[in-house]
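Asks: Residue numbers (the working numbering): 6 to 140. Cβ atoms here follow ideal geometry from the backbone N, Cα and C, with glycine treated the same way. Treat the numbers as computed from the prediction; the structure is a model and nothing was measured. Structure below; questions to follow.
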Amino acid sequence: MKRASSESTSSATAAKKLSTFNNTGGFTADSIPQHHYHLGENNYAVVSDFGNVLNVHIRKFKTNENGRIFPTKNGVSFSPYVWESLVTEMDNSSLPSETGKVLIVRDTLFLTSAWIENVPCVSFQRYVTKQDFSR
6 MKRASSESTS SATAAKKLST FNNTGGFTAD SIPQHHYHLG ENNYAVVSDF
56 GNVLNVHIRK FKTNENGRIF PTKNGVSFSP YVWESLVTEM DNSSLPSETG
106 KVLIVRDTLF LTSAWIENVP CVSFQRYVTK QDFSR
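Here it is in structure tokens:
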């Protein structure tokens, strides 16, 4: 036999929290939202709290014909723990390097850097290793 709940079903359901990137209206260069940090060109670092999980996103954004800025699918996200390790690695390394240096941060993030036509370039990718589960 089921017990009757003293709370109504509407109050028992938590309000759905929207993602930082679900802002369909975009923003302008004069009104960059809280927790968005311009890294240069069309690149932004964004700190988001979605589903009670804190993440750092480094993402390419695009500007439409009206001057509004929107996120693209090009980017990478990771935990603050990986972000802290990345910052430490970048402080200890000379990036970008002349030789196309490669860094792997916390077995999670693959970072390459190089000078291309006298412009410093950095590439972030998720680092995935193949695991053998055949036991």
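1. Can you give, in chain order, each stretch of the beta strand (DSSP E) that sits fully within the segment 39-111 and has at least 3 residues?
2. List the residues that DSSP assigns as beta-bridge partners of residue 34.
3. Let's see if you can read the secondary structure: which residues bound the beta strand (DSSP E) around residue 133?
4. Residue 91 and residue 110 look like a contact to me (Cβ under 8 Å); what is the Cβ gap, rounded to whole Å?
5. Using 10 angstroms around the beta-carbon of residue 122, count the other beta-carbons present and answer buried if the total reaches 16, otherwise exposed.
6. According to DSSP, is residue 128 helix, strand or coil?
7. Among 130, 132, 70, which has the Cα closest to the Cα of residue 33?
8. Please state whether DSSP places residue 113 in a helix, a strand or coil.
9. Specify the secondary structure class of residue 118 as computed by DSSP and reduced to three states.
10. Suppose contacts are defined by Cβ-Cβ distances below 8 Å. Is residue 62 in contact with residue 80 by that definition?
Replies: Inspection of the coordinates gives the following:
1. 41-45, 48-55, 58-68, 74-83, 107-110
2. As a first step, residue 34 is located in the sequence shown; it is residue number 29 there, counting from the start. Bridge partners of residue 34: none, in fact.
3. As a working note, residue 133 is residue 128 in the sequence shown. Premise fails: residue 133 is in no beta strand (DSSP E) and is neither H nor E.
4. Position 86 of the sequence shown, counted from the first residue, corresponds to residue 91. Position 105 of the sequence shown, counted from the first residue, corresponds to residue 110. About 5 Å separates the two Cβ atoms, so the contact holds.
5. The residue given as residue 122 occupies position 117 in the sequence shown. Its Cβ having fewer than 16 others within 10 Å, residue 122 is exposed.
6. What you label residue 128 is simply residue 123 of the sequence shown in a count that begins at 1. In the structure shown, residue 128 sits in a strand (DSSP, three-state: E or B).
7. Counting from 1 along the sequence shown, the entry for residue 33 is found at position 28. It is 70.
8. The residue labelled residue 113 in the question sits at position 108 within the sequence shown. Reduced to three states, the DSSP call for residue 113 is coil.
9. By 1-based counting over the sequence shown, the position of residue 118 is 113. Three-state DSSP puts residue 118 in a strand.
10. Numbered from its first residue, the sequence shown carries residue 62 at position 57. Numbered from its first residue, the sequence shown carries residue 80 at position 75. Yes, these two residues count as a Cβ contact at 8 Å.
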